[in-house]
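Working notes for the structure below.
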Amino acid sequence: MKNVSVIVLLVGLFVSCGDNVTNKTMTNKILSDKVDPFIGTGGHGHTYPGATVPFGMLQVSPINGISKWDWCSGYHYSDSIAVGFSHLSLSGTGIGDLADILFMPINKEVDLSAYPKSRDSITYKSKYSHSNETSKPGYYQLFLEDHDVNVELTTTKHTAYHKYTFKAGDEQSVVIDLGFTLNWDRTIETILTVEDEYTISGYRYSKGWAPNQKVFFVAKFSKPINNQNVFADGLKTEGNHAEGEKVAMQLFFDASDSNELLAKVALSSVSIENAKGNLNDGGFEFETIKSEADKTWNKALKTIEVESKVDSLETIFYTAMYHAQVAPVTFSDTNGEFRMENDSIATAKDYTAYSTLSLWDTFRAEQPLLTLIAPQNVSDIINSMLAYYETKKILPVWTLYANETNTMTGYHSIPVIVEAYLKGIRGFDAEKAFEAMKNTMMQDERGLKYYKEFGYIPYTSIDESVTITLEYAYDDWCVAQMAKALGKTEDYEFFMKRSKAFEYVFDNETGFMRGKSEDGKSWNEPFDPKYSNHRVQTDYTEGNAWQHSWFVPHAVKELAELHGGEDIFTSRLEQLFTESSEITGTHTSADISGLIGQYAHGNEPSHHIAYMFNQANKPWRTQYWVRHILDTQYNTTPNGLSGNEDCGQMSAWYVLSSIGLYPMNPASAEYEIGSPIFDKTTLNLANEKTFTIEAENVSDKNIYIQSATLNGETFNQTSIAHKTILEGGTLHFVMGPNPNKDWGIKE
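Read left to right, the sequence shown gives residues 1 to 747 (full-length UniProt numbering).
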């Protein structure tokens with residue numbers, strides 16, 4: 001009996017230890033190891049592989065030196081030449097800018113007098129191989145073959161750290177080229193100064209996609225500067241200072257004591273003094289900073305923990321979580337100051353100011369994801385938008401380095417604000433936000449003059465009239481919801497009436513949204529729903545009638561009625577996915593990619609469409625098509641994104657859809673239910689509660705929901721409220737290979 005007791009005790013201890021090991025493994029899982037930042041650097045993904053931290057000010061990344069569409073981030077995986085490492089990069093945009101403050105370590109003296117007309121004539125460029133290149137969250141490494149230099153990069157929120165390892169006996173030198181430009185960017189004024197034997201500073205004024213960009217910087221090195229060659233507008237100058245449209249400098253360091261040279265760099269939009277204030281104190285503790293960046297990323301990634309038997313799914317998921325948190329970027333300095341487009345200096349009090357707001361893209365899934373994983377950032381983003389509003393009394397459209405680029409259609413600051421408020425996120429002035437939204441939608445710019453006059457935008461007035469009409473209708477609906485929440489009945493009724501603008505441009509005969517003339521009766525002819533013309537002489541933005549006719553996320557039932565009822569509506573939805581993928585026209589948009597039939601997952605206007613079946617009583621078709629998109633439009637290669645990443649939107653779609661949720665109408669504060677691909681998902685919420693999503697029996701075949709329970713109670717609906725998730729609990733699905741056509745059906 002005694003021996004039996006001992007055995008039982010030992011077994012109990014073993015099981016207990018096993019449980020502890022399992023729990024510890026789950027708790028301490030290094031999620032950054034599952035991230036592959038090279039995903040999206042090929043194809044049309046336009047992402048960068050360099051080092052950054054979540055929403056960090058700096059994106060220190062390799063630059064290939066090619067000015068083409070697929071090099072919008074400065075880097076493309078197909079390339080094998082580097083010209084340097086810049087400190088500002090764009091993640092997945094369709095327009096190229098930034099690549100500011102270029103550093104390049106080299107092992108020889110070079111001539112910087114002639115400004116190169118192409119990459120071939122850049123004297124400091126180098127070949128590299130992907131076999132000696134590493135990218136992890138917060139860290140990047142590349143070996144420069146022509147210079148025998150190993151480059152390592154890491155960063156904090158405001159300071160970038162460089163580590164260069166030279167070949168023994170080689171010259172140790174760094175080129176800083178402020179005149180270097182890519183794509184739309186061109187310099188206006190640049191200055192470089194050697195302040196002391198360890199420090200350089202300067203600024204770079206440029207005009208590009210951001211029409212008034214001013215970047216100030218300071219850099220400190222771990223070794224004294226022995227000598228420098230200074231060039232201004234093609235002329236070599238004496239001394240330690242140069243200024244001109246294009247300045248560059250080559251610094252030389254003592255190679256006798258160590259093969260390593262370290263540097264740390266900080267930027268500011270305000271001044272060199274502010275850049276110095278952003279520069280981390282202390283020395284050049286590269287490995288410490290690298291470790292801290294990794295810890296920061298692990299904390300950010302653990303806001304959602306997923307479990308799957310398929311490793312590749314976790315790689316895609318956590319890379320998507322990573323990409324969803326590299327933008328928007330911190331713009332205010334450590335003292336809160338940041339520059340406005342009109343050169344006034346604002347101060348962010350009690351919030352962080354952000355820039356790189358790709359709102360046409362990110363209002364759809366990126367911003368909704370942030371309401372779950374980073375709600376404090378959401379209120380800061382809204383405060384940033386309200387600060388930008390003060391410049392022109394219009395809410396921002398696409399903000400780059402605090403400049404309004406007016407890129408893309410609609411005013412989608414509005415759904416971001418309304419979604420946040422209706423989800424209980426505060427930290428911003430709701431009355432001021434409503435004033436900003438109302439004033440924005442009542443002014444005359446960007447087609448609103450015609451929208452107010454006709455109730456829609458005639459195709460004879462401006463290009464992209466159909467898309468703009470549909471997007472303004474949605475923005476109006478969002479303003480109405482905010483008015484209702486604030487008790488502004490008259491405003492609610494006014495904007496709700498205007499939100500029906502989609503009815504004007506719906507053609508009952510063809511079933512498409514079409515360009516309508518000022519007479520309110522005749523359509524733009526001839527009509528081909530597959531026809532695309534990129535951004536000019538077109539009724540649609542970066543797409544065609546097939547892709548844009550479904551943007552009525554606020555009134556899906558009314559849209560179905562316009563089509564003639566749910567059966568006709570869902571039949572046409574099916575045809576969208578099964579129609580031939582031919583795109584007609586001679587100037588078609590390159591953004592139409594990731595085609596499944598005429599559904600184009602590579603561009604944002606299609607992202608909500610698969611979820612519309614839910615509101616037309618065919619949720620199993622949502623489950624089918626969402627799973628098909630998840631399986632076919634994402635993979636673990638550099639070509640793993642089917643279109644531009646667009647500052648997190650493409651990845652946020654995957655994050656939310658893969659766990660079974662999607663904000664088809666973000667400002668509704670609800671999520672449509674799709675087809676979860678993970679056995680278990682745990683949302684670690686900011687309020688310290690957890691919400692778990694379980695998918696019993698899920699597999700590549702078991703994609704259909706058979707039944708569901710929420711906290712043990714039967715759950716038979718195709719949407720779930722944000723507030724329900726915040727309360728914590730468990731949503732349990734049973735999955736199977738055949739559709740259950742009774743689940744989620746509304747009588």
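From the three backbone atoms N, C-alpha and C, an ideal C-beta is built for every residue, glycine too.
Check, Outcome
"Can you give me the start and stop residues for the alpha helix (DSSP H) that residue 548 sits inside?", "545 to 548"
"Give a yes or no on whether the C-beta atoms belonging to residue 395 and residue 440 are separated by under 8 Å.", "yes"
"Compare the C-alpha of residue 173 against each of 109, 402 and 510 and name the closest.", "109"
"Which residue from 284, 318 and 529 puts its Cα closest to that of residue 599?", "529"
"With a cut-off of 8 Å, do at least 3 Cβ pairs link the stretch 705 to 720 to the stretch 609 to 627?", "yes"
"Examine the Cβ distances between the stretch 61 to 73 and the stretch 247 to 256 and report whether three or more of them are shorter than 8 Å.", "no"
"What's the call for residue 26, buried or exposed, on a 16-neighbour Cβ count within 10 Å?", "Here the model assigns residue 26 a pLDDT of 44, short of 50, so the residue's position is not dependable and the matter cannot be decided."
"Per DSSP, residue 163 forms a beta bridge with which residues?", "152 and 262"
"If you run the structure through DSSP and keep just helix, strand and coil, what is residue 619?", "helix"
"Could you give the C-beta distance for residue 786 and residue 658, rounded to a whole number, given that I count them as a contact under 8 Å?", "Past the boundaries of the shown model lies residue 786; the chain is included only from 1 to 747, so the question cannot be answered."
"Alpha carbon to alpha carbon, what distance is there between residue 737 and residue 699?", "9 Å"
"Please confirm whether residue 82 and residue 153 have their CB atoms less than 8 Å apart.", "no"
"What ranges does the alpha helix (DSSP H) occupy inside the stretch 685 to 745, keeping only unbroken runs of at least 4 residues that lie completely in it?", "722 to 726"
"Can you tell me which of the three DSSP states residue 600 falls into?", "strand"
"Nearest by alpha-carbon distance to residue 147: which of 201, 100, 606 and 84 is it?", "84"
"Is it buried or exposed for residue 100, if we count other Cβ within 10 angstroms and need 16 for buried?", "buried"
"Assuming the contact rule is C-beta atoms closer than 8 Å, residue 217 and residue 202 should be a hit. Round their C-beta distance to whole Å, please.", "6 Å"
"Going straight from the alpha carbon of residue 716 to that of residue 489, what length do you get?", "34 Å"
"Can the beta-carbon of residue 330 be found closer than 8 Å to that of residue 352?", "yes"
"Measure the Cβ-Cβ separation of residue 523 and residue 515 and say whether it is below 8 Å.", "yes"
"Verify the contact flag: residue 253, CB atom, against every heavy atom of the ligand NAP, threshold strictly below 7 Å.", "The model depicted lacks the ligand NAP and carries no ligand whatsoever."
"Buried or exposed for residue 587, going by 16 or more other Cβ atoms inside 10 Å?", "exposed"
"Spatial neighbours of residue 641 within its chain, please: CB distance less than 6 Å, with the 5 preceding and 5 following residues excluded, ordered by chain position.", "40, 45 and 650"
"Is it the case that the Cβ atoms of residue 661 and residue 726 are separated by a distance below 8 Å?", "no"
"Select from 198, 415 and 549 the residue whose C-alpha is nearest the C-alpha of residue 359.", "415"
"Whole angstroms is fine: what's the gap from residue 753's alpha carbon to residue 288's?", "Because the chain in this structure spans residues 1 to 747, residue 753 falls outside the shown range and cannot be described."
"Determine, using beta carbons only, whether residue 140 comes closer than 8 Å to chain C.", "Looking for chain C here will not work: only one protein chain is present."
"Report all residues from its chain with a CB closer than 6 Å to the CB of residue 159; omit the five preceding and five following residues, and keep chain order.", "264, 266, 279 and 280"
"Run through the DSSP bridge pairs and tell me what residue 523 is partnered with.", "516"
"Could you tell me which whole alpha helix (DSSP H) segments of length 4 or greater appear in the stretch 422 to 485?", "430 to 442, 448 to 454 and 465 to 485"
"Hey, quick one: how far does the alpha helix (DSSP H) through residue 671 stretch, first residue to last?", "First-last for residue 671: 670 to 673, but that is the beta strand (DSSP E), not the alpha helix (DSSP H)."
"Measuring alpha carbon to alpha carbon, tell me which of 306, 356 and 164 ends up nearest residue 413.", "356"
"So does the stretch 429 to 437 actually touch the stretch 402 to 410, counting three or more Cβ pairs closer than 8 Å?", "no"
"Can you tell me whether residue 571 is buried or exposed, with buried defined as 16 or more other CB within 10 angstroms of its CB?", "exposed"
"Which of the three DSSP states is assigned to residue 335 in this structure?", "coil"
"Please report how far the alpha carbon of residue 595 lies from the alpha carbon of residue 580, in whole angstroms.", "9 Å"
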